[in-house]
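Visitor:
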Amino acid sequence: MPSRHRSVFKTATLAAVVSILAHSAFAADKKYDPGASDTEIKLGQTIPYSGAGSLYGVIGRTQAAYFQMLNEKGGINGRKINFMSLDDAYSAPKAVEATRRLAEQDEVLALFGSLGTAPQSAVQKFLNSKKIPQLLLNTGASRWNNPKEFKWTTPGLPIYSTEGRIIARYLMQARPNAKVAILYQNDEFGKDFMNSFKEILAEAGGSAKVVAEASYDLTDPTIDSQLINLAKSGADTFFNISTGKATSQSIRKVAELGWKPLHLLVSTSSGRSIINAAGAENAKGIVAMTYTKEVGSEKWKDDPDVLAFQELRKKYLPNVDPDNTIAFQGYSQGVTMAEILRRCGDDLTRENVLKHATNLEGYRAPVFLPGITYGFTSTDYTTIKALYVGTFNGTDWDLSDKPVSQ
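Residue numbers (the numbering used here): 751 to 1156.
1) Would Gly994 and Leu805 qualify as a contact pair, given that the criterion is a beta-carbon distance under 8 Å?
2) Pull up the CB-CB distance for Asn878 and Trp902, whole angstroms please, since I reckon it's below 8 Å.
3) Any chance you could list the alpha helix (DSSP H) runs of at least 4 consecutive residues sitting entirely within the segment 1045-1110, in chain order?
4) Considering only residues of the segment 786-847, which uninterrupted alpha helix (DSSP H) runs meet the minimum length of 4 residues and lie entirely inside it, listed in chain order?
5) Is Pro1153 helix, strand or coil by DSSP?
6) Please state the DSSP three-state secondary structure of Thr1127.
7) Select from Ala868, Ala931 and Tyr1138 the residue whose C-alpha is nearest the C-alpha of Asp937.
8) Can you give me the C-alpha to C-alpha distance between Gly1084 and Thr997, rounded to a whole angstrom?
9) Between the segment 1039-1057 and the segment 951-966, can you find at least three pairs of beta-carbon atoms closer than 8 Å?
10) Please work out which residues of its chain come closer than 7 Å, Cβ to Cβ, to Thr1129, disregarding the five sequence neighbours upstream and downstream, and give them in chain order.
11) What would DSSP say about Ala775, mapped onto helix, strand or coil?
12) Identify the residues that DSSP records as bridge partners of Trp1147: which are they?
13) Who does Asn888 pair with in a DSSP beta bridge?
14) Spatial neighbours of Phe900 within its chain, please: CB distance less than 7 Å, with the 5 preceding and 5 following residues excluded, ordered by chain position.
15) Rounding to the nearest angstrom, what Cα-Cα distance links Ser774 and Glu857 in this structure?
16) Between which two residues does the alpha helix (DSSP H) carrying Gln923 extend?
17) Does the Cβ of Ser800 have 16 or more other Cβ atoms within 10 Å, making it buried, or fewer, making it exposed?
18) Where Ser992 and Ile932 are concerned, what is the direct C-alpha to C-alpha distance, given to the nearest angstrom?
19) Out of Asn1102, Val1117, Glu1101 and Ile1122, which one is the CA nearest neighbour of Glu1111?
20) Between Gly810 and Gln795, how many whole angstroms is the CB-CB distance? I'm expecting something under 8 Å.
21) Sort out for me which residues DSSP pairs Asn936 with in a bridge.
22) Throw me the rounded Cβ distance for the Ser946 and Arg915 pair, which I believe falls under 8 Å.
23) Going by Cα to Cα distance, which pick from Tyr840, Ala842, Gln855 and Ile826 is closest to Met834?
24) Cβ atoms of Asn832 and Lys792: under 8 Å apart, would you say?
25) Between the C-alpha atoms of Gln976 and Tyr966, what's the straight-line distance to the nearest angstrom?
26) Along the chain, where does the beta strand (DSSP E) that runs through Ile978 open and close?
27) Mind checking whether Thr1075 and Gly1021 have CB atoms under 8 Å apart?
28) Check for me: the alpha helix (DSSP H) holding Thr997 runs from which residue to which?
29) State the CB to CB distance for the pair Asn990 and His1013, rounded to an integer number of angstroms; the pair is presumed to be in contact (CB under 8 Å).
30) By DSSP, does Ile1122 sit in helix, in strand, or in coil?
31) What's the C-alpha gap between Ser1019 and Gly940?
32) Measuring alpha carbon to alpha carbon, tell me which residue in Pro843, Lys1065, Glu1031 and Lys1034 is nearest Val872.
33) Based on Cα-Cα distance, which residue from Ala1115, Asp1148 and Tyr1131 lies nearest to Lys1049?
34) Going by the CB atoms, is the gap between Gln870 and Ala848 shorter than 8 Å?
35) For Asp783 versus Thr1099, is the C-beta distance shorter than 8 Å?
36) For Ala1033, collect the residues of the same chain with a Cβ closer than 7 Å to its Cβ; drop the 5 residues on either side in sequence, then sort them by chain order.
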């Protein structure tokens, strides 16, 4: 072979080898577990689209719309999101059935944004045994901050016990001799709040005391009798640990009874949808810990995150009210999950998804008020560590100058 031809052949061969090596290195950088590929990422969720918790179904609908929008723009790192959100009717047995389907038949990469302490407790061991991430749960029960035993499970709401302690410390400053009546949902949600609240009162050893307690179940049609008894207790402070329909009913009933306690409400139930259902005039003076922007508030109407949510809502969810704070919360979680996946790059293993989901410390989700960020680290799954004190003025929440911690 002439030397010139040999030189060309060697150059071509070298180029081919370099190309093959580069392609191999690029391919080697890509790592996938079930639920991920060059073109797709499968995510799962169970949420109550029916039953007692159906008010929260808008979370899943909003997240589905958000991922549809992302897919239309090319997806995340070139991959489309296949989001499967199943109805569990806020029932533990149905959550188990739906979660097994997502994990074993659909083989999702991860679950995120599922709702409810009881339904998610029922699948926690199963998902952890399978090493499938169970992320950003719409519940703040203390059990979710347990990275030693259940590292694959993270909360998406403030830990209830953290908030309960913050509320108690606020009360001891605002009304040190308070006589407190407590309404609580008869499950882990209600008991986490109540026990942490009482723990701080007991530690303080002051004059603030709980003088009456009443519980309700999610299936109870009304809570009128509980409120009547609490109002008769002589309490001058009402700690309202309720959700959804029960919160709206309780706010209305307190007003109907002419009872005028210092009304303390938990952050998960201070959204505009719940307040509007109760009648905004009935909610005037309520105090709640909060960490989220009110999407229907005049003060946030030009906020970039609120504007982005409204643009999504108008195009994909025209039947959702523009002031639906629950939908905005769902949107914010969707954005956060997308950020986790974006950070994963081409390493879409479940271990890497968990790594990025538990290293969100300092990340500000769209729904968060200024100064609020995630507190997640790999050894502490506390969602956020400080909350604002908000007082409802009849149309909006007046906020404390800065967030307060426990």
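Virtual Cβ for every residue (Gly too), placed ideally from N, Cα, C.
Guide: Reading off the structure:
1) Going by C-beta atoms, Gly994 is nearer than 8 Å to Leu805.
2) About 5 Å separates the two Cβ atoms, so the contact holds.
3) Within the segment 1045-1110, the runs of alpha helix (DSSP H) at least 4 residues long that lie entirely inside it are, in chain order, 1054-1066, 1075-1094 and 1100-1107.
4) Within the segment 786-847, the complete alpha helix (DSSP H) runs of at least 4 residues are 807-822.
5) DSSP places Pro1153 outside both helix and strand once states are collapsed to three, so it counts as coil.
6) DSSP places Thr1127 in strand when its eight states are reduced to three.
7) Residue nearest to Asp937 within the set Ala868, Ala931 and Tyr1138 is Ala868 (criterion: CA-CA distance).
8) The straight-line gap separating the alpha-carbon atoms of Gly1084 and Thr997 is approximately 26 Å.
9) They do not touch, by the three-pair rule.
10) Hits under 7 Å: Pro897.
11) For Ala775, the predicted model reports a pLDDT of 41, less than 50, meaning its position is unreliable and no value from the coordinates is stated.
12) Beta-bridge pairing links Trp1147 to Phe1142.
13) In the DSSP assignment, Asn888 is bridged to Leu865.
14) Closer than 7 Å at the Cβ level, and outside the excluded window around Phe900, lie Gln874 and Asn878.
15) Here Ser774 scores only 42 on pLDDT, less than 50, and its place in the model should not be relied on; the value that follows carries that caveat. Roughly 27 Å between the two C-alpha positions.
16) First-last of the alpha helix (DSSP H) with Gln923: Tyr910 to Ala924.
17) Exposed is the call here.
18) If you take the alpha carbons of Ser992 and Ile932, they lie about 10 Å apart.
19) Of the listed residues, the one whose Cα sits closest to Glu1111 is Ile1122.
20) Indeed they touch by this definition, with Cβ atoms about 6 Å apart.
21) According to DSSP, Asn936 bridges with nothing at all.
22) At roughly 5 Å, the Cβ-Cβ gap stays under 8 Å, so Ser946 and Arg915 are in contact.
23) Closest by alpha carbon: Gln855.
24) Cβ atoms of Lys792 and Asn832: closer than 8 Å.
25) Their backbone Cα atoms lie some 8 Å apart in a straight line.
26) Careful: Ile978 lies outside any beta strand (DSSP E), inside the alpha helix (DSSP H) at Asp974 to Ala981.
27) It is a contact, given that the beta carbons lie within the stated cut-off.
28) First-last of the alpha helix (DSSP H) with Thr997: Gly994 to Leu1007.
29) At roughly 6 Å, the Cβ-Cβ gap stays under 8 Å, so Asn990 and His1013 are in contact.
30) The answer is coil: DSSP assigns Ile1122 none of H, G, I, E or B.
31) Distance between the alpha carbons of Ser1019 and Gly940 is about 12 Å.
32) Note that residue 872 is Ala in the sequence shown here, rather than Val. In terms of Cα proximity to Ala872, the closest of Pro843, Lys1065, Glu1031 and Lys1034 is Pro843.
33) In terms of Cα proximity to Lys1049, the closest of Ala1115, Asp1148 and Tyr1131 is Asp1148.
34) No.
35) The answer is yes: Cβ separation under 8 Å.
36) Scanning its chain for C-beta atoms nearer than 7 Å, with the 5 sequence neighbours on each side dropped, one finds around Ala1033 the residues Ile1001, Ile1025 and Phe1142, in chain order.
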